[in-house]
Amino acid sequence: MDRLFVHVPYRKLGEAKEKLLGLAISPEIYFSALDLEGRGPGEIIGDLAPLKDGGLSFTLHAPFMDLNPGSVDPGVRGLTLKRWLQLRPMVEFLQARCVVVHPGFDHWRYGAAVEQWVELAAETISDLMEDYPSHVTVAVENIFERDPWTIKALLERLNHPRVGHCFDVGHFLLFGDADLETWFAALGDWLVELHLHDNRGDKDAHMGMGMGIAPWDELFSLVDKTGTFPLLVIEAHTEEDALISLDFMKSRGYVP
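Below is the structure:
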(Lines of atoms letter the chains of each structure in order from A and count residues from 1; the text may use other names and numbers.)
(Lines give C-alpha, C1' and ligand atoms only; values in the text may rest on other atoms or scores of the structure.)
Protein backbone atom coordinates (compact mmCIF):
# COMPACT_ATOMS: atom_id res chain seq x y z
CA MET A 1 0.00 0.00 0.00
CA ASP A 2 1.63 3.22 -1.12
CA ARG A 3 0.12 5.27 1.76
CA LEU A 4 1.47 3.12 4.59
CA PHE A 5 4.74 3.90 6.40
CA VAL A 6 6.39 2.96 9.66
CA HIS A 7 8.45 5.21 11.93
CA VAL A 8 12.18 4.40 12.01
CA PRO A 9 14.82 6.60 13.68
CA TYR A 10 17.86 7.07 11.46
CA ARG A 11 20.10 5.71 14.22
CA LYS A 12 18.20 2.39 14.06
CA LEU A 13 18.05 2.19 10.29
CA GLY A 14 20.84 -0.36 10.01
CA GLU A 15 19.02 -2.97 12.07
CA ALA A 16 15.66 -2.21 10.40
CA LYS A 17 16.71 -2.34 6.73
CA GLU A 18 16.19 -6.04 6.14
CA LYS A 19 12.84 -6.08 7.93
CA LEU A 20 11.56 -3.10 5.93
CA LEU A 21 12.65 -4.62 2.63
CA GLY A 22 11.34 -8.07 3.55
CA LEU A 23 7.89 -6.74 4.47
CA ALA A 24 7.95 -4.12 1.70
CA ILE A 25 6.96 -1.44 4.22
CA SER A 26 8.20 2.07 3.56
CA PRO A 27 9.75 4.14 6.37
CA GLU A 28 9.23 7.55 7.83
CA ILE A 29 12.80 8.28 8.91
CA TYR A 30 13.31 10.50 11.93
CA PHE A 31 16.50 12.55 12.02
CA SER A 32 17.66 14.09 15.28
CA ALA A 33 19.91 17.14 15.34
CA LEU A 34 22.82 14.90 16.40
CA ASP A 35 22.24 12.63 13.39
CA LEU A 36 22.63 15.64 11.10
CA GLU A 37 25.44 17.28 13.06
CA GLY A 38 27.63 14.19 13.09
CA ARG A 39 27.32 13.09 9.45
CA GLY A 40 27.46 14.71 6.04
CA PRO A 41 24.71 14.30 3.44
CA GLY A 42 26.84 11.89 1.40
CA GLU A 43 27.23 9.45 4.27
CA ILE A 44 23.52 9.59 5.10
CA ILE A 45 22.50 9.11 1.48
CA GLY A 46 24.81 6.09 1.29
CA ASP A 47 22.95 4.56 4.23
CA LEU A 48 19.60 5.24 2.57
CA ALA A 49 20.47 4.03 -0.93
CA PRO A 50 19.68 0.31 -0.37
CA LEU A 51 16.14 1.18 0.72
CA LYS A 52 15.61 3.40 -2.30
CA ASP A 53 17.06 0.74 -4.57
CA GLY A 54 14.63 -1.71 -2.96
CA GLY A 55 11.69 0.28 -4.29
CA LEU A 56 10.47 1.76 -1.01
CA SER A 57 8.88 5.19 -0.64
CA PHE A 58 9.83 7.70 2.03
CA THR A 59 8.64 10.37 4.37
CA LEU A 60 10.94 12.19 6.76
CA HIS A 61 10.52 13.52 10.29
CA ALA A 62 12.55 16.64 11.01
CA PRO A 63 14.49 17.35 14.21
CA PHE A 64 12.41 18.98 16.93
CA MET A 65 14.13 19.01 20.33
CA ASP A 66 14.67 22.63 21.52
CA LEU A 67 13.51 23.98 18.14
CA ASN A 68 10.65 26.40 17.54
CA PRO A 69 9.76 28.12 14.26
CA GLY A 70 7.76 30.77 16.12
CA SER A 71 10.29 31.55 18.86
CA VAL A 72 10.65 35.19 19.83
CA ASP A 73 14.42 34.59 19.75
CA PRO A 74 15.68 34.98 16.16
CA GLY A 75 18.59 32.67 16.96
CA VAL A 76 16.23 29.81 17.82
CA ARG A 77 14.20 30.45 14.68
CA GLY A 78 17.40 30.48 12.63
CA LEU A 79 18.61 27.20 14.10
CA THR A 80 15.18 25.63 13.51
CA LEU A 81 15.31 26.60 9.85
CA LYS A 82 18.92 25.38 9.56
CA ARG A 83 18.06 21.94 10.94
CA TRP A 84 15.04 21.55 8.68
CA LEU A 85 17.02 22.65 5.65
CA GLN A 86 19.70 20.07 6.44
CA LEU A 87 17.17 17.47 5.29
CA ARG A 88 17.03 18.93 1.79
CA PRO A 89 19.63 16.60 0.19
CA MET A 90 17.78 13.56 1.57
CA VAL A 91 14.42 14.94 0.45
CA GLU A 92 15.80 15.30 -3.06
CA PHE A 93 17.63 11.95 -3.19
CA LEU A 94 14.70 9.95 -1.80
CA GLN A 95 12.00 12.02 -3.50
CA ALA A 96 10.43 12.08 -0.04
CA ARG A 97 6.70 12.66 -0.14
CA CYS A 98 6.38 14.54 3.13
CA VAL A 99 8.48 16.13 5.88
CA VAL A 100 6.85 16.32 9.31
CA VAL A 101 7.76 19.26 11.56
CA HIS A 102 6.83 20.09 15.15
CA PRO A 103 5.35 23.55 15.69
CA GLY A 104 7.00 24.14 19.07
CA PHE A 105 3.91 25.90 20.44
CA ASP A 106 2.57 25.45 23.93
CA HIS A 107 -0.05 27.55 25.63
CA TRP A 108 1.95 28.01 28.84
CA ARG A 109 4.65 29.98 27.02
CA TYR A 110 2.72 31.57 24.17
CA GLY A 111 -0.87 31.72 25.41
CA ALA A 112 -0.78 35.52 25.60
CA ALA A 113 1.18 35.91 22.37
CA VAL A 114 -0.51 33.54 19.92
CA GLU A 115 -0.62 36.06 17.08
CA GLN A 116 3.09 36.82 17.42
CA TRP A 117 3.95 33.13 17.45
CA VAL A 118 1.77 32.43 14.39
CA GLU A 119 3.34 35.30 12.43
CA LEU A 120 6.91 34.24 13.22
CA ALA A 121 6.26 30.54 12.61
CA ALA A 122 4.63 31.33 9.26
CA GLU A 123 7.70 33.34 8.23
CA THR A 124 10.02 30.46 9.14
CA ILE A 125 8.00 27.84 7.29
CA SER A 126 7.62 30.14 4.28
CA ASP A 127 11.40 30.44 4.14
CA LEU A 128 11.65 26.65 4.33
CA MET A 129 9.25 26.15 1.43
CA GLU A 130 11.23 28.55 -0.76
CA ASP A 131 14.23 26.21 -0.49
CA TYR A 132 12.53 22.81 -0.38
CA PRO A 133 11.95 20.88 -3.65
CA SER A 134 8.58 21.48 -5.26
CA HIS A 135 7.48 17.84 -4.99
CA VAL A 136 7.46 17.61 -1.18
CA THR A 137 4.73 18.45 1.31
CA VAL A 138 5.45 19.74 4.81
CA ALA A 139 3.08 18.61 7.59
CA VAL A 140 2.72 20.48 10.89
CA GLU A 141 2.10 17.96 13.69
CA ASN A 142 0.04 18.56 16.81
CA ILE A 143 2.11 18.12 19.97
CA PHE A 144 0.96 20.01 23.10
CA GLU A 145 -1.95 21.73 21.36
CA ARG A 146 -5.14 21.51 23.41
CA ASP A 147 -7.28 22.38 20.40
CA PRO A 148 -6.83 22.85 16.63
CA TRP A 149 -7.06 26.63 16.52
CA THR A 150 -3.37 27.57 16.67
CA ILE A 151 -2.41 25.15 13.89
CA LYS A 152 -5.40 26.33 11.87
CA ALA A 153 -4.32 29.96 12.30
CA LEU A 154 -0.81 29.04 11.18
CA LEU A 155 -2.00 27.15 8.09
CA GLU A 156 -4.39 29.96 7.18
CA ARG A 157 -1.60 32.51 7.53
CA LEU A 158 0.71 30.40 5.35
CA ASN A 159 -1.97 29.62 2.75
CA HIS A 160 0.55 27.34 1.02
CA PRO A 161 -0.62 24.46 -1.21
CA ARG A 162 2.15 22.15 0.05
CA VAL A 163 1.86 22.79 3.79
CA GLY A 164 -0.72 20.78 5.69
CA HIS A 165 -1.45 18.99 8.96
CA CYS A 166 -0.13 15.78 10.47
CA PHE A 167 -2.66 14.56 13.03
CA ASP A 168 -0.93 12.64 15.82
CA VAL A 169 -3.43 10.41 17.61
CA GLY A 170 -1.31 9.77 20.70
CA HIS A 171 -0.63 13.45 21.31
CA PHE A 172 -4.33 14.21 20.88
CA LEU A 173 -5.16 11.64 23.57
CA LEU A 174 -2.70 13.19 26.01
CA PHE A 175 -3.05 16.91 25.44
CA GLY A 176 -6.25 17.54 23.48
CA ASP A 177 -9.28 19.13 25.09
CA ALA A 178 -11.36 19.50 21.91
CA ASP A 179 -13.16 16.39 20.67
CA LEU A 180 -12.28 14.63 17.43
CA GLU A 181 -15.21 16.08 15.49
CA THR A 182 -14.15 19.62 16.39
CA TRP A 183 -10.56 18.88 15.43
CA PHE A 184 -11.43 17.43 12.05
CA ALA A 185 -13.99 20.11 11.29
CA ALA A 186 -11.21 22.67 11.80
CA LEU A 187 -8.27 20.89 10.15
CA GLY A 188 -9.68 18.10 8.01
CA ASP A 189 -9.17 19.99 4.76
CA TRP A 190 -5.44 20.32 5.54
CA LEU A 191 -4.92 16.67 6.55
CA VAL A 192 -1.94 15.13 4.76
CA GLU A 193 -0.61 12.58 7.28
CA LEU A 194 -1.66 10.55 10.32
CA HIS A 195 0.66 9.41 13.11
CA LEU A 196 -0.84 6.20 14.45
CA HIS A 197 0.03 5.06 17.96
CA ASP A 198 -1.87 4.45 21.17
CA ASN A 199 -1.60 5.19 24.89
CA ARG A 200 -3.71 5.05 28.04
CA GLY A 201 -3.84 8.79 28.57
CA ASP A 202 -1.03 8.90 31.11
CA LYS A 203 2.15 9.10 28.99
CA ASP A 204 3.29 9.27 25.37
CA ALA A 205 3.82 5.51 25.27
CA HIS A 206 3.68 5.00 21.46
CA MET A 207 1.96 1.66 21.98
CA GLY A 208 0.53 -0.55 19.29
CA MET A 209 -2.89 0.39 17.95
CA GLY A 210 -5.72 -1.11 20.00
CA MET A 211 -3.57 -1.35 23.14
CA GLY A 212 -4.83 1.91 24.65
CA ILE A 213 -7.82 4.25 24.63
CA ALA A 214 -7.76 5.65 21.07
CA PRO A 215 -11.19 5.62 19.35
CA TRP A 216 -9.92 4.18 16.09
CA ASP A 217 -13.24 3.55 14.33
CA GLU A 218 -14.39 7.11 15.02
CA LEU A 219 -11.07 8.47 13.83
CA PHE A 220 -11.05 6.64 10.52
CA SER A 221 -14.70 7.49 9.93
CA LEU A 222 -13.86 11.18 10.32
CA VAL A 223 -10.82 10.79 8.05
CA ASP A 224 -13.01 9.23 5.36
CA LYS A 225 -15.44 12.15 5.60
CA THR A 226 -12.68 14.67 4.88
CA GLY A 227 -12.25 13.29 1.37
CA THR A 228 -8.48 13.42 1.84
CA PHE A 229 -6.16 10.45 1.50
CA PRO A 230 -3.51 11.08 4.17
CA LEU A 231 -0.32 9.12 4.48
CA LEU A 232 -0.61 6.55 7.29
CA VAL A 233 2.44 6.33 9.55
CA ILE A 234 2.64 3.69 12.27
CA GLU A 235 4.62 5.54 14.93
CA ALA A 236 5.28 2.73 17.37
CA HIS A 237 8.55 2.77 19.28
CA THR A 238 9.19 -0.97 19.19
CA GLU A 239 9.07 -3.54 16.40
CA GLU A 240 6.53 -5.55 18.40
CA ASP A 241 4.15 -2.60 18.67
CA ALA A 242 4.63 -1.76 14.99
CA LEU A 243 3.59 -5.29 14.01
CA ILE A 244 0.63 -5.13 16.42
CA SER A 245 -0.47 -1.93 14.70
CA LEU A 246 -0.09 -3.44 11.24
CA ASP A 247 -2.19 -6.48 12.20
CA PHE A 248 -4.77 -4.22 13.87
CA MET A 249 -5.14 -2.05 10.77
CA LYS A 250 -5.57 -5.09 8.54
CA SER A 251 -8.10 -6.71 10.89
CA ARG A 252 -10.22 -3.54 10.96
CA GLY A 253 -9.99 -3.05 7.20
CA TYR A 254 -8.13 0.24 7.48
CA VAL A 255 -5.56 -1.06 4.99
CA PRO A 256 -5.79 -3.92 2.46
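Numbers given in this note's numbering equal positions in the sequence shown, counted from 1, plus 2.
The beta carbon of each residue, even a glycine, is placed where N, CA and C say it ideally should be.
The structure presented is a predicted model; accordingly, all values stated were derived computationally and were not measured.
One Cα belongs to Gly42, the other to Ser223, and the distance between them is close to 43 Å. A direct Cα-Cα distance of roughly 10 Å separates Leu221 from Leu198.
Annotation: the stretch 125 to 209 contains the following complete segments of the beta strand (DSSP E) (minimum length 3 residues), in chain order: 139 to 143, 165 to 170 and 193 to 198.
The stretch 170 to 183 and the stretch 198 to 214 touch, with three or more beta-carbon pairs separated by less than 8 Å. In the three-state reduction of the DSSP assignment, Tyr32 falls in the strand class, which pools E and B.
A residue is called buried once 16 or more other Cβ atoms fall within 10 Å of its Cβ, and Gly44, having fewer, is exposed. In this model, Ala155 and Ala18 are separated by some 38 Å (Cα to Cα).
DSSP lists no beta-bridge partner residue for Leu53.
Excluding sequence positions up to five before and after His239, its CB lies within less than 7 Å of the CB of His208, all in the same chain and listed in chain order. Assignment of Thr228 by DSSP, reduced to helix, strand and coil, places it in the helix class.
Here the alpha carbon of His109 sits roughly 40 Å from the alpha carbon of Ala26. Straight-line measurement puts the Cα of Leu87 at about 8 Å from the Cα of Asp133. Excluding residues up to 5 positions away in sequence, Thr139 lie with their Cβ nearer than 6 Å to the Cβ of Arg164 in the same chain. The C-beta separation of Leu53 from Leu23 comes to about 7 Å, placing the pair in contact by the 8 Å criterion. For Phe146 against Phe177, the beta-carbon gap comes to about 5 Å, under 8 Å, which counts as contact.
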